[in-house]
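Converting from the sequence shown to the numbering used here requires adding 133 to each position, the first position being numbered 1. Virtual Cβ for every residue (Gly too), placed ideally from N, Cα, C.
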Amino acid sequence: MPSFLYAIFHPLRTLNLWLENDPKASVLEVLYLLTVFSAFGIWLVFDRYQKAHNSAVPFRHNAPEAADPQWESLRIHNANLKSHLTEPDLLPHHFMGGRDYITSYDPANSLHIKTVIADNEREIQAKIQNAKDAQVSWAETTFAQRRRVMRSLLKWLVENQEACARVACRDTGKTCKPSILRVGAQK
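Below, the structure is given as structure tokens:
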């Protein structure tokens, strides 16, 4: 125990005692090793810091129910954006008179996805103003912060590419080819 404490409190003396037994030993060789290990330790700390501040931030956003291939709904005859006017079953439960609605449907098979309230002019102007305000705060972000946002979105998109493809297929009525999706995931 005393020699251990001696080595902690007197490292250079301990180094000299270690070198006395070997006539070819040099203090520079030992200092070189200490420098290499210290540099490696500093690099590890720096690398960990970089990973913590530049890595993607995980988040969840679940795919809508309509993206499920087994999903079923009402079939709309003569489907269009105003189908709710001819088929009252398509109106939402919280119908508000005096407002316009948009009927969303799958063009491939005319399945009703959802009927939503169309934005009026005041709501559109409020959304435009919100976007302008968000752009001002986005302009103040650093490149590192923007890169982290983009990495987060990329990570989520890669992890959820099949769900995104199913949503796009349901919205457009196009067919989904799973073999195309797996090409990017095989890296």
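Taking the straight line between their C-alpha atoms, what separation do you get for residue i and residue j?
i	j	result
residue 294	residue 231	39 Å
residue 275	residue 268	13 Å
residue 172	residue 166	10 Å
residue 215	residue 184	50 Å
residue 306	residue 289	24 Å
residue 188	residue 297	23 Å
residue 234	residue 287	33 Å
residue 164	residue 177	20 Å
Starting from residue i, trace the beta strand (DSSP E) both ways and give me its first and last residue.
i	result
residue 239	234-239
Assuming residue i and residue j make a contact with CB atoms under 8 Å, what is their CB distance in whole Å?
i	j	result
residue 200	residue 299	4 Å
residue 190	residue 285	5 Å
residue 217	residue 207	With 8 Å as the limit, residue 217 and residue 207 do not qualify as a contact, their Cβ atoms being about 11 Å apart.
residue 237	residue 246	4 Å
Which of the three DSSP states is assigned to residue i in this structure?
i	result
residue 245	strand
residue 208	strand
Taking all protein chains shown into account, do 16 or more other C-beta atoms lie within 10 angstroms of the C-beta of residue i, making it buried, or fewer, making it exposed?
i	result
residue 168	exposed
residue 222	exposed
residue 226	exposed
residue 320	Low local confidence applies: a pLDDT of 48 at residue 320 is under 50, so the model's placement there is unreliable, with the coordinate-based value given in what follows. Counting Cβ neighbours within 10 Å, residue 320 comes out exposed, since fewer than 16 surround it.
residue 316	Residue placement at residue 316 is flagged as unreliable, the pLDDT there being 48, under the threshold of 50; the coordinate-derived value follows with that caveat. Exposed is the call here.
residue 303	buried
residue 308	exposed
residue 219	exposed
residue 244	buried
Which residue comes first and which comes last in the alpha helix (DSSP H) that contains residue i?
i	result
residue 364	No statement about residue 364 is possible, as the shown extent of the chain runs from 134 to 320 and does not include it.
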